[in-house]
Structure formats: structure tokens, C-alpha cells
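Student: Residue numbers (this note's numbering): 758 to 1134.
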């Protein structure tokens, strides 16, 4: 249980030896500005703050002030976690975050991370304008792709679990890249003319189904491994009404301006968030400042939210991989949690005054993870 006494947090951080720090400390009000990595096994009611770093001289070191840009996992190891940060490199842990190792400190901001589904020692990282790869469990790294155009960055990565030789990458200029040989060579399959913020591959059902989440142009879907794409923003949007407690829909009202709810806000700096609904063969949850939507194959369903549309930015979304009705989304002020597909929402206090920039469930569904991020004003 995460029920250590609140008053002991500062003492724990200062005096516990780094290599023996197995306790989880609860954040208190006077530490509310902390960044870094948090976890909860109480559905977000209580949070532990795990940022201790292993160092050779055993001197205490943490990344409690870091902005977290990505949370990723090893599909073969439920206790392994990888974190991307803003300008502090990569952190990885093999023990649920009890201790961390820092790598790629010279690479700049980490935009994305993906771990090989069958070989845990192979990891790909998108950082600044390069893609980095390790084949020896992060001991050594080599850059396998370089974006030569000025002010262009590699923003997203993913891998085909059915054929892990196939790796995908997206760039800030909108290029969708594919490698068929483990990252040795790359081809541009598509140009979206907008930042590819995230690539989602439906590896749980069909690895040929790929979603490209762009920063300002919405969501695109490919069913042939990235060769051809469909603009999902043109599909009808249904507003869910009269939703029962168990999440069944009595009425779904089609909106007159189908597709348009996504385009009432424009600009490359708007925040978007998405996650695969792995309880379904092919479904997606997508959030932005307009609201939150579920893609269901040929249409969108708009959630009823507690946060007012266009006034509260959704920075992160996560769907329970075992239960598609169990969803969290994070804003700058709180976490919102539903277990009945949005019929009812529970408001959870954030463990920090930074935004919930990243949310994730641990692979064994034991923990909810949160990565804090400080938004520049």
C-alpha cells in the first residue's frame, strides 16, 4: 500500500541510501511542484514519487525536477519502465521505478521510445533530430537516422510486433517513415504536412492497422502498414446521450456539423492526446481542447465530460488495456476517471501542480503511472 506518512517524505529523500530505497513516498502539499515520475496502486487516490537514480559513487541523485515526455514499456517485462525527459535524457528502471539509470544524456529531449517485443535489449529512441538504437540493454547507443533539415525533429516511433524488423517513425514536418530492416535504412511512405505527434499500431489485434496522430490535422488511419491513409476527421461524430450506469448507450445523436467539432480549434501548438482501446480489435480514444472522442471503426462517439470544451486542455489519455470502459484523462488541474464509458466521472487530485503530461497503465495492470510536465507560459 502507498500509505507512508506524509511528513516523512523529505527525510526519506535525504537519508535513505539510494540502493536501498524500496519505499514509496507520498507527496505532500509542500512538495506539490515536483516533477518526474509518479505511480499509484489505488486508482489515483494516493501517489508515490519514484525518481531515485543509481550512481556509481552512491551519492543521492534524483530527477524530481524533470519534465517527463514519454512513458514506455518492455512487452516482456512488466517491471521495466522507460522514461523520456525534456533535456535530461532517458531513464530506465527494471524494478517498477525503485531505482533508475540515466542514459542518452547528450541526446537532447526524448520524444518517443519503443522496445523490441521479443528482445528486451533492443530499444529505439527518438531524440531531437535523430533516432538512436541500443542492442545491449542501453549500455551503448548508435544513431541510425538523422533529420538533416533545419529545425526538423523525429517526434514519434513504433514497431510492428508481428514483424519487429519493421519500425515506424514520424517527424515534425509530417513525414511518415518506415524501415524494413531494423532501422538500417528508411523510406518516406507518406507526408501529412503536420507534426506526427504519435504513431499507434494496433499490435494487439492487427499490426497492419496504424494511426497517425497529428498536432493540428487530427487523426489518420492506415490498414495496410502505412502505404495508404484515411482522414478520420471527415467521419460523422455522435454525441452520446442517456448512457446507462453500465455504459450501454440508449441514444446516440448525430451532430449536424459532422467532422467539424475537431476543427474548431486550429494551430500547431494545441495539445492532443490518444490511446488505443485494446479491449476492442480496432478502437481509439482521442482528446483535445474540444473534448474527448472514441473512434469505433466508421464513426466517432463524443464523451460527456466534466471539463468545459475549449476551456480545459486534455494533455493525456489512457485506457485500461483490460477494460475499455476504464479511462483516465489528465488536465492542468486534475485527473478525471470513469469506469462506465463516461456516464460518470470521478475527479482525482494531481500529486503535483504540473500537468499530467503522460499517463499509462503498467503492463500487469498493477499500477497507474503519471509523468509530470511543466507547461511554459
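Backbone N, C-alpha and C define an ideal beta-carbon position, used for all residues, glycine too.
Fair warning: this is a prediction, and the values are worked out from it, not measured in the lab.
Using only alpha-carbon positions, find the residue among 879, 930, 1047, 956 that is nearest to residue 904.
Tutor: 930
Student: Note the first and the last residue of the continuous beta strand (DSSP E) segment covering residue 1059.
Tutor: 1057 to 1059
Student: In terms of residues, what are the limits of the beta strand (DSSP E) holding residue 961?
Tutor: Note, residue 961: premise wrong, no beta strand (DSSP E); not H, not E.
Student: Taking the beta strand (DSSP E) that residue 1079 belongs to, which residues open and close that run?
Tutor: Unbroken run through residue 1079: none, as it is neither H nor E.
Student: Could you compute how far the alpha carbon of residue 810 sits from the alpha carbon of residue 1039?
Tutor: 38 Å
Student: How about residue 808 and residue 829: are their beta carbons less than 7 Å apart?
Tutor: no
Student: Note down, in chain order, each residue of its chain lying with its Cβ closer than 8 Å to the Cβ of residue 1122, except the 5 sequence neighbours on either side.
Tutor: 1077, 1078, 1079
Student: Output needed for residue 1025: all residues of its chain with C-beta closer than 8 Å, excluding positions within five of it in sequence on either side, in chain order.
Tutor: Note that residue 1025 scores a pLDDT of 32, beneath 50, so its modelled location is shaky; the value from the coordinates is reported in the next line. Excluding its 5 nearest sequence neighbours in each direction, residue 1025 has C-beta neighbours in its own chain below 8 Å: 951, 952, 972, 973, listed in chain order.
Student: Quick check on the burial criterion: 16 or more other C-beta atoms within 10 angstroms. Buried or exposed for residue 826?
Tutor: buried
Student: Check for me: the beta strand (DSSP E) holding residue 890 runs from which residue to which?
Tutor: 887 to 891
Student: Whose C-beta lies closer than 6 Å to the C-beta of residue 914 among residues of the same chain, with five residues either side of it excluded?
Tutor: 869, 871, 881, 883, 926
Student: Just tell me which of 890, 981, 963, 1031 has its CA closest to the CA of residue 861.
Tutor: 890
Student: Please say whether residue 1095 and residue 1084 have beta carbons closer to each other than 7 Å?
Tutor: yes
Student: Tell me whether the segment 1105 to 1114 and the segment 1086 to 1094 touch, counting them as touching only if at least three CB pairs, one residue from each stretch, are closer than 8 Å.
Tutor: yes
Student: How many angstroms separate the CA atom of residue 945 from the CA atom of residue 803?
Tutor: 45 Å
Student: Tell me the residue span of the beta strand (DSSP E) that contains residue 835.
Tutor: Residue 835 -> beta strand (DSSP E) spans 834 to 842.
Student: To the nearest whole angstrom, what separates the beta carbons of residue 1044 and residue 1059, a pair I think is in contact under 8 Å?
Tutor: The beta-carbon distance between residue 1044 and residue 1059, rounded to whole angstroms, is 11 Å. This is too long to meet the 8 Å contact definition.
Student: Considering residue 873, what are the terminal residues of the beta strand (DSSP E) in which it resides?
Tutor: Counting along the chain, residue 873 falls outside any beta strand (DSSP E), and DSSP gives it neither H nor E.
Student: List the residues that DSSP assigns as beta-bridge partners of residue 944.
Tutor: 935
Student: Report yes if the C-beta distance between residue 1072 and residue 1028 is below 7 Å; otherwise report no.
Tutor: yes
Student: Going by Cα to Cα distance, which pick from 902, 947, 918 is closest to residue 873?
Tutor: 918
Student: Using the Cβ count rule (16 or more neighbours within 10 Å means buried), how would you classify residue 1126?
Tutor: buried
Student: Is residue 1132 buried or exposed, if buried means 16 or more other CB atoms sit within 10 Å of its CB?
Tutor: exposed
Student: The beta strand (DSSP E) with residue 911 in it runs from where to where?
Tutor: 911 to 916
Student: Quick one: measure Cβ to Cβ for residue 911 and residue 879, integer angstroms, because I've assumed they're closer than 8 Å.
Tutor: Wrong, their Cβ atoms sit about 17 Å apart, outside the cutoff.
Student: Just curious, the beta strand (DSSP E) that residue 1051 is in, first and last residue?
Tutor: 1049 to 1052
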